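Colleague: Take this structure, written in structure tokens, and hold onto it; I'll ask about it next.
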Amino acid sequence: MTGISFSCTSCGRCCHDLRLTLSVAEAIQWLHRGGKVQVLCHAAADLDDLSPVVAYRSARSFPARSGGLAIRVQVILAAQFDGACPNLLPDMRCGIYDERPNTCRIYPAEIIPGLALKSDRKLCPPEAWDDRQPEYLSADGRILDVVTDTAIAAARAAGLREVGMRRSLATALGMKIAALENEGFAVWSIASDALLPILRDAMQGAGDPSKDTPSPDWLFVSPRSETLALITAAGAKAVSSPNHDQVAYLPLY
Numbered sequence: 016m017t018g019i020s021f022s023c024t025s026c027g028r029c030c031h032d033l034r035l036t037l038s039v040a041e042a043i044q045w046l047h048r049g050g051k052v053q054v055l056c057h058a059a060a061d062l063d064d065l066s067p068v069v070a071y072r073s074a075r076s077f078p079a080r081s082g083g084l085a086i087r088v089q090v091i092l093a094a095q096f097d098g099a100c101p102n103l104l105p106d107m108r109c110g111i112y113d114e115r116p117n118t119c120r121i122y123p124a125e126i127i128p129g130l131a132l133k134s135d136r137k138l139c140p141p142e143a144w145d146d147r148q149p150e151y152l153s154a155d156g157r158i159l160d161v162v163t164d165t166a167i168a169a170a171r172a173a174g175l176r177e178v179g180m181r182r183s184l185a186t187a188l189g190m191k192i193a194a195l196e197n198e199g200f201a202v203w204s205i206a207s208d209a210l211l212p213i214l215r216d217a218m219q220g221a222g223d224p225s226k227d228t229p230s231p232d233w234l235f236v237s238p239r240s241e242t243l244a245l246i247t248a249a250g251a252k253a254v255s256s257p258n259h260d261q262v263a264y265l266p267l268y
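When we follow my numbering, the leftmost residue of the sequence shown carries the number 16, and every step to the right adds one.
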């Protein structure tokens, strides 16, 4: 592996048409500024897979059951906007730069251990990766930019710390529908004035991760007949549509 050079060119491509993952505290701040936050949910069978990606996701999920299958459920908070980010200024500078979410500080790096940074999968223009730019990633895979490295550590820590909070959030919202991990998300759209106090309660109260009794009766949702057959064959419950006025299915394919 060779090192990677990178510097932001302020092109603004990574500031448009996003679902921007947030911590609980960041979601509260985003709502306070008048932004929109959605709650995304996916789940997978609870397997003894110790690969870095699976282990990372499993540590940030909580145990549940769907029918006779033990599963892990991950709840994700995301700032959603069409077009330009509401904080993007006309000159492509960030209007909340000093308070921007960690996801913004991390891009284009990867937060999940074991995922390689691939410049051709990023929105940044070719000149951002020019060899004349500062070295960003070392040949042995270390992030050399201090701001990025600090943000990755903070985001990873928040993901672990907030498992109980996110479980409390799911309970408060009556969430029982999840998409299959790597296939899609069940997207819950909750009015901001309803979501904000629930997030505050989750932070204060706040979902003890040690309470690991599995939550029963979760449903998988998938529009694919093959996926539905696989899920039900594993003993879980599945439906082809959320059939819920606050839930939509977001495919990843």
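Backbone N, C-alpha and C fix where the C-beta goes; we use that ideal spot for every residue, glycine too. Fair warning: this is a prediction, and the values are worked out from it, not measured in the lab.
1) Could you name the residues that DSSP lists as bridge partners for histidine 57?
2) Among the candidates Pro266, Val90, Val202, Lys51, whose CA atom is the shortest distance from the CA of leucine 184?
3) Thinking C-alpha only, which one of Ala193, Ala85, Ile127, Ala209 is nearest lysine 51?
4) Can you tell me which of the three DSSP states histidine 31 falls into?
5) If you draw a straight line from the C-alpha of leucine 214 to the C-alpha of arginine 171, how long is it?
6) Which class does serine 183 belong to by DSSP, given the choice of helix, strand or coil?
7) DSSP three-state label for glutamate 177, please.
8) Going by DSSP, which residues form a beta bridge with leucine 266?
9) So, proline 116 versus cysteine 139, is the Cβ gap smaller than 8 Å?
10) Give every residue of the same chain whose Cβ lies closer than 6 Å to the Cβ of aspartate 160, excluding the five residues on either side of it in the sequence, and list them in chain order.
11) State yes or no: is the C-beta of serine 237 within less than 8 Å of the C-beta of alanine 193?
12) Grouping DSSP H, G and I as helix and E and B as strand, with all else coil, what is glutamate 274?
13) Would the segment 235 to 251 count as touching the segment 81 to 88 if we require 3 or more Cβ pairs under 8 Å?
14) CA-CA distance, serine 153 and threonine 24?
15) Does DSSP classify proline 78 as helix, strand or coil?
16) CB-CB under 6 Å to serine 269, same chain, minus the five flanking residues each way: which ones, in chain order?
17) For valine 39, I'd like the list of residues in its chain whose CB is within less than 7 Å of its CB, leaving aside the five on either flank, ordered along the chain.
18) Which residue comes first and which comes last in the beta strand (DSSP E) that contains leucine 65?
19) Where does leucine 152 fall in DSSP's three states?
20) Between which two residues does the alpha helix (DSSP H) carrying leucine 138 extend?
21) State yes or no: is the C-beta of valine 236 nearer than 7 Å to some heavy atom of the ligand PLP?
22) One question on the structure: do alanine 201 and proline 257 come within less than 8 Å of each other, judged by their Cβ atoms?
23) Do tryptophan 203 and glutamine 53 have their CB atoms nearer than 8 Å?
24) Of all the options Pro101, Gly156, Lys191, Asp232, which has the alpha carbon lying nearest to the alpha carbon of tryptophan 45?
25) Please list, in chain order, all residues of the same chain as aspartate 61 whose beta carbon is under 7 Å from its beta carbon, the five residues on each side excluded.
26) Secondary structure at aspartate 216, three-state DSSP: helix, strand or coil?
27) How should serine 225 be labelled, buried or exposed, when 16 other C-beta atoms within 10 angstroms of its C-beta is the threshold for buried?
Modeller: Walking through what the data contain:
1) Histidine 57 pairs with Gln89, Ala194.
2) Looking at the Cα atoms, Val90 is the closest of the given residues.
3) Residue Ala209 is the option with its Cα nearest to lysine 51.
4) The answer is strand: DSSP assigns histidine 31 an E or B state.
5) One C-alpha to the other measures close to 19 Å.
6) Here serine 183 sits in helix by DSSP.
7) Of the three classes helix, strand and coil, the one that applies to glutamate 177 here is coil, per DSSP.
8) Strictly speaking, residue 266 in this sequence is proline, with leucine absent from that position. According to DSSP, proline 266 bridges with Gly199.
9) Cβ atoms of proline 116 and cysteine 139: not closer than 8 Å.
10) Same-chain partners within the cutoff: Tyr151.
11) No, they are not a contact pair.
12) With the chain covering 16 to 268 only, the question about residue 274 has no answer from this structure.
13) Yes: at least three Cβ pairs fall under 8 Å.
14) The straight-line gap from Cα to Cα measures roughly 20 Å.
15) If DSSP states are grouped into helix, strand and coil, proline 78 belongs with the strands.
16) Because the chain in this structure spans residues 16 to 268, residue 269 falls outside the shown range and cannot be described.
17) Setting aside the 5 residues that flank it on each side, valine 39 is surrounded in the same chain by Leu92, Glu177, Met180, Leu214, Ala217, Met218, each with a C-beta closer than 7 Å to its C-beta; the list follows chain order.
18) Judged by DSSP secondary structure, leucine 65 falls outside any beta strand (DSSP E); it is assigned neither H nor E.
19) In the structure shown, leucine 152 sits in a strand (DSSP, three-state: E or B).
20) Here leucine 138 belongs to no alpha helix (DSSP H), and DSSP marks it neither H nor E.
21) Questions concerning the ligand PLP fall outside what the structure shown contains, since it holds no ligand whatsoever.
22) Contact: yes.
23) Yes, the Cβ-Cβ distance between tryptophan 203 and glutamine 53 is below 8 Å.
24) When Pro101, Gly156, Lys191, Asp232 are compared, the shortest CA-CA separation from tryptophan 45 is found for Pro101.
25) Taking C-beta separations shorter than 7 Å and ignoring five residues to either side along the sequence, the partners of aspartate 61 in its chain run Pro78, Ala85, Ile86, Arg87, following chain order.
26) Correct three-state label for aspartate 216: helix.
27) Only weak support exists for where serine 225 lies, its pLDDT of 48 falling under 50; the coordinates are left without a value.
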